Amino acid sequence: MKLVVAVIKPFKLDDVKESLKTLGVHGMTVSEVQGFGRQRGHTEVYRGAEYEVEFVPKVQLEIVVDDAQVEEVTTAIVDAAGTGKIGDGKVWILPVEEVVRVRTGERGPEAL
Amino acid sequence: MLAAAVTYVPYPSWLNPGDNTWQITAATFVGLMSLPGLAVLYASIVPKKWAVNVLGMMFAGFSLVMLSWFLWGYKMGFGVPSVGHGVTQGVSGIAQANDETGVGWVKHFFDNLIGVPGPALSPQAEQGQAVSGANTIIPFHFPTASLAYFQLVFAAITPLLFLGSVLGRIKFLAWCLLVPLWSTCVYSVDAFLLWGGGYFSQEGALDFSGGYVIHMSAGVSGFVAAWVLGPRLLRDRQHFLPNNLVMAAVGAGILWLGWNGFNGGDPYYAGASAAGAVVNTNICTATGLLTWVALDAWLSKEKKPTFLGAVNGMICGLVGITPCAGWVNGQGAIYVGLICTTIVWVAWNFLSKVRPFSKVDDALGVIYTHGIAGFFGGLLLGVFGDPNMLEYGCGHLDAAGQVIATTTTQYATGSSKCTPFGVDGLAYTGSAHQLWEQFRAALWVIIWSALVTFLLMHLLKLVLRGVRYKDEILEVGDLAIHGEEAFPEEAFASRVGIGVGASGSEEVFENEPSPPDDPVPSGGSGS
Numbered sequence: 020m021k022l023v024v025a026v027i028k029p030f031k032l033d034d035v036k037e038s039l040k041t042l043g044v045h046g047m048t049v050s051e052v053q054g055f056g057r058q059r060g061h062t063e064v065y066r067g068a069e070y071e072v073e074f075v076p077k078v079q080l081e082i083v084v085d086d087a088q089v090e091e092v093t094t095a096i097v098d099a100a101g102t103g104k105i106g107d108g109k110v111w112i113l114p115v116e117e118v119v120r121v122r123t124g125e126r127g128p129e130a131l
Numbered sequence: 047m048l049a050a051a052v053t054y055v056p057y058p059s060w061l062n063p064g065d066n067t068w069q070i071t072a073a074t075f076v077g078l079m080s081l082p083g084l085a086v087l088y089a090s091i092v093p094k095k096w097a098v099n100v101l102g103m104m105f106a107g108f109s110l111v112m113l114s115w116f117l118w119g120y121k122m123g124f125g126v127p128s129v130g131h132g133v134t135q136g137v138s139g140i141a142q143a144n145d146e147t148g149v150g151w152v153k154h155f156f157d158n159l160i161g162v163p164g165p166a167l168s169p170q171a172e173q174g175q176a177v178s179g180a181n182t183i184i185p186f187h188f189p190t191a192s193l194a195y196f197q198l199v200f201a202a203i204t205p206l207l208f209l210g211s212v213l214g215r216i217k218f219l220a221w222c223l224l225v226p227l228w229s230t231c232v233y234s235v236d237a238f239l240l241w242g243g244g245y246f247s248q249e250g251a252l253d254f255s256g257g258y259v260i261h262m263s264a265g266v267s268g269f270v271a272a273w274v275l276g277p278r279l280l281r282d283r284q285h286f287l288p289n290n291l292v293m294a295a296v297g298a299g300i301l302w303l304g305w306n307g308f309n310g311g312d313p314y315y316a317g318a319s320a321a322g323a324v325v326n327t328n329i330c331t332a333t334g335l336l337t338w339v340a341l342d343a344w345l346s347k348e349k350k351p352t353f354l355g356a357v358n359g360m361i362c363g364l365v366g367i368t369p370c371a372g373w374v375n376g377q378g379a380i381y382v383g384l385i386c387t388t389i390v391w392v393a394w395n396f397l398s399k400v401r402p403f404s405k406v407d408d409a410l411g412v413i414y415t416h417g418i419a420g421f422f423g424g425l426l427l428g429v430f431g432d433p434n435m436l437e438y439g440c441g442h443l444d445a446a447g448q449v450i451a452t453t454t455t456q457y458a459t460g461s462s463k464c465t466p467f468g469v470d471g472l473a474y475t476g477s478a479h480q481l482w483e484q485f486r487a488a489l490w491v492i493i494w495s496a497l498v499t500f501l502l503m504h505l506l507k508l509v510l511r512g513v514r515y516k517d518e519i520l521e522v523g524d525l526a527i528h529g530e531e532a533f534p535e536e537a538f539a540s541r542v543g544i545g546v547g548a549s550g551s552e553e554v555f556e557n558e559p560s561p562p563d564d565p566v567p568s569g570g571s572g573s
């Protein structure tokens with residue numbers, strides 16, 4: 020099993036979610052996050068005072084998938100989240116040792 | 047034997063229900079400008095960690111002025127003057143000067159500086175006809191309670207305005223002492239001098255609704271208080287972001303429309319001057335708002351039409367028209383909005399980089415939007431005061447017995463002895479006399495507000511061993527001072543003394559179902 024972590028543009032979340040549903044992905048965890056990569060931040064002005072905001076709002080997805088599905092899930096995310104412009108985000112993949120469903124106590128791929 | 051018939055009179059002969067209704071309504075509008083208007087505006091343009099502190103000081107400040115006003119303040123601002131020797135009493139109970147030269151001038155000033163303090167709580171003080179040196183032209187058509195409450199809401203909003211200068215470090219207790227002291231020593235004096243029939247009103251200085259007595263005084267006092275206090279924490283100054291612009295809009299909107307009562311209530315009768323004042327207030331405010339937005343969009347570094355800039359422009363317009371509301375015409379109102387906002391915008395962006403402005407941490411910039419806008423609004427009355435905008439007119443009777451209001455020009459040529467009241471501005475009469483009177487009164491208000499605020503702040507510093515919180519309290523803000531947060535997270539907080547894992551005695555309600563022994567499996571299917 021693998022944990023696919025994707026940080027994407029917030030307005031691309033719907034596209035990514037729909038695309039993953041068609042692949043049979045059953046669930047995901049989503050958080051609003053702030054970060055920066057190569058995309059620069061922006062400035063905000065409140066009452067004439069300028070503020071530099073280096074962090075840009077992004078959405079982070081965490082999806083645990085079976086090894087066999089990792090490649091198609093990753094490709095689906097990249098295709099759905101991409102705009103070709105700077106700031107599209109990143110996807111990284113980590114090995115997962117164990118998964119437990121809290122309700123039933125099932126373990127491993129059955130718990131996905 | 048028939049008993050003499052008793053007639054119950056809800057309306058004494060002097061009472062006009064329309065005037066009384068408008069006066070109490072206008073006063074309520076002005077009260078809403080403080081609570082919630084200003085409280086919500088200020089609380090939402092400070093960072094999250096200071097919102098509760100601002101709200102607490104706003105509501106406590108309003109209550110403190112409420113009590114001090116009815117216990118002693120109202121009589122100081124609008125009661126009988128502390129008359130000395132050699133001064134005769136005029137019809138209105140206001141001292142008239144015997145001479146205007148030498149010692150007499152000084153004496154005249156001090157005899158007409160302040161009213162005798164006292165409570166306004168008795169049945170007669172509340173229900174009797176309002177009498178004050180504030181109005182010697184026509185009698186009031188409502189009871190003292192209406193006048194005292196109308197004046198109270200003005201007295202109350204003034205210290206709340208300059209809370210914007212001192213927030214983010216002043217001790218709650220210091221604030222609670224400063225408010226009644228300041229209201230007594232600064233506000234009541236200026237109110238008496240300009241409105242209560244005191245020296246400057248006798249000299250001819252005018253302030254329709256408080257460009258000087260309220261806004262300029264608040265701006266100057268806030269600036270001086272902020273100077274004595276010292277700046278906010280460096281971290282707070284670096285991260286002073288508003289916590290909610292939508293709520294700021296709610297507060298700002300209440301402030302604008304509440305101003306209809308602020309300026310519309312000051313003729314003291316529900317007549318033509320009130321309506322004119324309301325319209326002028328709105329015209330000037332719209333002009334001021336748009337002026338700031340345009341300047342932001344075209345001349346600021348960011349070249350963006352900011353919303354909080356619009357709020358600043360709105361306040362400049364509101365403050366600028368306040369001293370002249372019913373005495374300028376609609377065209378004058380546009381000029382006042384344009385000029386006041388432009389001056390304040392330039393000051394906000396450039397003067398703020400110059401000493402002493404660059405060295406004093408006036409947190410919300412009250413000195414600009416209230417102090418400077420009020421100063422120029424008051425002067426512009428001397429320029430754009432239109433003698434045909436009559437606050438108190440006179441009328442001729444036509445053939446049908448209807449009163450026809452006429453202009454000053456018509457009066458000058460007529461045979462009537464009645465003198466209507468309008469203001470002779472420079473632009474209409476070529477006379478700079480009013481401008482000069484305005485300038486003298488402005489100078490007084492600036493010096494008196496600055497001096498007394500300085501002394502009061504130092505007095506409190508001495509008595510309370512410092513008027514600002516320690517840095518470790520300032521770093522936390524609301525939670526350290528009040529034990530409350532503006533936006534608490536319910537999932538992370540659990541009531542002490544209730545439920546599982548709670549310490550102390552467990553609170554159990556009657557008929558509370560006991561938790562099931564066997565948890566029912568959820569009916570949900572799927573993986």
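Sequence lines, in order, name chains A and B. 23 is the number that our numbering gives to position 4 of the first sequence; each next residue is one higher, with no gaps. 300 is the number that our numbering gives to position 254 of the second sequence; each next residue is one higher, with no gaps. Cβ atoms here follow ideal geometry from the backbone N, Cα and C, with glycine treated the same way. Every value quoted in this text rests on a predicted model; they were computed, and no experiment measured them.
Within 10 Å of its beta-carbon, does T499 of chain B have 16 or more other beta-carbons around it, so buried, or fewer, so exposed?
The residue given as residue 499 of chain B occupies position 453 in the second sequence. So T499 of chain B counts as buried.
Considering only the alpha carbon of each residue, which of B:D312, B:Y315, B:K349 and B:G411 lies closest to I361 of chain B?
The residue labelled residue 361 of chain B in the question sits at position 315 within the second sequence. The shortest C-alpha separation from I361 of chain B is found at B:G411.
Answer with yes or no whether the minimum CB distance from E348 of chain B to chain A is below 9 angstroms.
Here residue 348 of chain B corresponds to residue number 302 of the second sequence, with the count starting at 1. So yes, E348 of chain B belongs to the interface.
What first and last residue would you give for the beta strand (DSSP E) that runs through L341 of chain B?
Looking up residue 341 of chain B in the second sequence gives position 295. Unbroken run through L341 of chain B is the alpha helix (DSSP H), A318 to L345; no beta strand (DSSP E).
Output needed for Q197 of chain B: all residues of its chain with C-beta closer than 7 angstroms, excluding positions within five of it in sequence on either side, in chain order.
Looking up residue 197 of chain B in the second sequence gives position 151. Correct list, in chain order: Y120, G123 and F124.
Listed in chain order, which residues of the region 352-382 of chain B have Cβ atoms closer than 8 angstroms to some Cβ of chain A?
T352, L354, G355 and N358
Flag W32 of chain B as yes if its beta-carbon sits less than 9 angstroms from any beta-carbon of chain A, otherwise no.
No information on residue 32 of chain B is available, as it lies outside the stretch 47 to 573 that chain B covers here.
Host beta strand (DSSP E) of E69 of chain A (start-end):
Working through the first sequence from its first residue, we reach residue 69 of chain A at position 50. Segment A68 to V72, the beta strand (DSSP E) holding E69 of chain A.
Classify T337 of chain B as buried or exposed, calling it buried when 16 or more other Cβ atoms lie within 10 Å of its own Cβ.
The residue given as residue 337 of chain B occupies position 291 in the second sequence. It counts as buried.
Quick one: list the residues of chain B neighbouring I64 of chain A, beta-carbon separation under 7 angstroms, in chain order.
Position 45 of the first sequence, counted from the first residue, corresponds to residue 64 of chain A. The residue asked about is misnamed: residue 64 of chain A is Val in this sequence, not Ile. Neighbours of V64 of chain A on chain B, chain order: E348, K350 and T352.
With a cut-off of 9 angstroms, does the C-beta of W344 of chain B fall near any C-beta of chain A?
The sequence position of residue 344 of chain B within the second sequence is 298, counting from 1. Answer no: the Cβ-Cβ gap between W344 of chain B and chain A never drops below 9 angstroms.
Partners in chain A for W394 of chain B, counting only beta-carbon separations shorter than 9 angstroms:
By one-based count along the second sequence, residue 394 of chain B stands at place 348. Here the neighbours are R66 and G67.
Thinking C-alpha only, which one of B:Y314, B:N289 and B:A220 is nearest G372 of chain B?
The residue given as residue 372 of chain B occupies position 326 in the second sequence. Cα-wise, what sits closest to G372 of chain B is B:Y314.
Roughly how far, in whole angstroms, is the beta-carbon of L39 of chain A from the beta-carbon of L113 of chain A, given that I think they are within contact range, below 8 angstroms?
Residue numbering aside, residue 39 of chain A sits at position 20 when the first sequence is read from its first letter. Residue numbering aside, residue 113 of chain A sits at position 94 when the first sequence is read from its first letter. With 8 angstroms as the limit, L39 of chain A and L113 of chain A do not qualify as a contact, their Cβ atoms being about 18 angstroms apart.
Does the Cβ-Cβ distance between S255 of chain B and A318 of chain B come in under 9 angstroms?
Taking the second sequence and counting its residues from 1, the one referred to as residue 255 of chain B is at position 209. Taking the second sequence and counting its residues from 1, the one referred to as residue 318 of chain B is at position 272. Their beta carbons are not under 9 angstroms apart, which means S255 of chain B does not touch A318 of chain B by this criterion.
In chain order, what residues of the same chain have a beta carbon less than 6 angstroms from the beta carbon of G83 of chain B, not counting five sequence neighbours either side?
Start at 1 with the first residue of the second sequence, and residue 83 of chain B comes out as number 37. Cβ within range, chain order: G297, I300, L301 and G304.
Does the region 246-261 of chain B come close enough to the region 49-58 of chain B to have 3 or more Cβ pairs within less than 8 angstroms?
no
Measuring CB to CB, does Y258 of chain B end up less than 9 angstroms from D236 of chain B?
Taking the first residue of the second sequence as 1, we reach residue 258 of chain B at position 212. Taking the first residue of the second sequence as 1, we reach residue 236 of chain B at position 190. The answer is yes: Cβ separation under 9 angstroms.
If you count every other CB in all the chains shown that lies within 10 Å of the CB of E437 of chain B, and 16 or more means buried, which is it?
Within the second sequence, numbered from 1, the residue matching residue 437 of chain B stands at position 391. The residue in question, E437 of chain B, is buried, as its Cβ has 16 or more Cβ neighbours within 10 Å.
When the Cβ atoms of the region 411-421 of chain B are set against those of the region 348-368 of chain B, are three or more pairs found closer than 8 angstroms?
yes
Taking 9 angstroms as the CB-CB cut-off, is I91 of chain B touching chain A?
Locating residue 91 of chain B in the second sequence gives position 45, where the first residue counts as 1. I91 of chain B counts as touching chain A.
Which chain A residues are close to P288 of chain B, counting only those with a beta carbon under 7 angstroms from its beta carbon?
Within the second sequence, numbered from 1, the residue matching residue 288 of chain B stands at position 242. Ordered by position in chain A, the residues that pass the 7 angstroms Cβ test against P288 of chain B are Y65.
The region 396-404 of chain B touching the region 346-359 of chain B, judged by at least three CB pairs closer than 8 angstroms
no
Test: G411 of chain B CB closer than 9 angstroms to a CB of chain C
No chain C appears in the structure shown, which is made up of the protein chains A and B.
Are the beta-carbon atoms belonging to H528 of chain B and F218 of chain B less than 9 angstroms from one another?
What you label residue 528 of chain B is simply residue 482 of the second sequence in a count that begins at 1. What you label residue 218 of chain B is simply residue 172 of the second sequence in a count that begins at 1. The answer is yes: Cβ separation under 9 angstroms.
At what residue ranges does the region 258-286 of chain B contain a whole run of the alpha helix (DSSP H), taking only runs of 4 or more?
263-275 and 280-284
Can you tell me which residues form a DSSP beta bridge with I82 of chain A?
Start at 1 with the first residue of the first sequence, and residue 82 of chain A comes out as number 63. Bridge partners of I82 of chain A: A:V23.
Start and end residues, beta strand (DSSP E) containing G83 of chain B
Taking the first residue of the second sequence as position 1, residue 83 of chain B is located at position 37. Taken as a continuous stretch (DSSP letters only), G83 of chain B belongs to no beta strand (DSSP E), as it is neither H nor E.
For the pair the region 101-115 of chain B and the region 83-93 of chain B, tell me if three or more CB-CB distances fall below 8 angstroms.
yes
Check the C-beta distance from A220 of chain B over to M112 of chain B and give it rounded, since I have them as a contact under 8 angstroms.
Stepping through the second sequence from its first residue, residue 220 of chain B is reached at position 174. Stepping through the second sequence from its first residue, residue 112 of chain B is reached at position 66. Contact doesn't hold; Cβ gap of about 19 angstroms is too wide.
Sort A:F74, A:V121 and A:I27 by Cα distance to G143 of chain A and report the nearest one.
No answer is possible for residue 143 of chain A: it lies beyond the span of chain A, which begins at 20 and ends at 131.
If we require 3 or more residues per run, which beta strand (DSSP E) segments fall completely within the region 158-221 of chain B?
none
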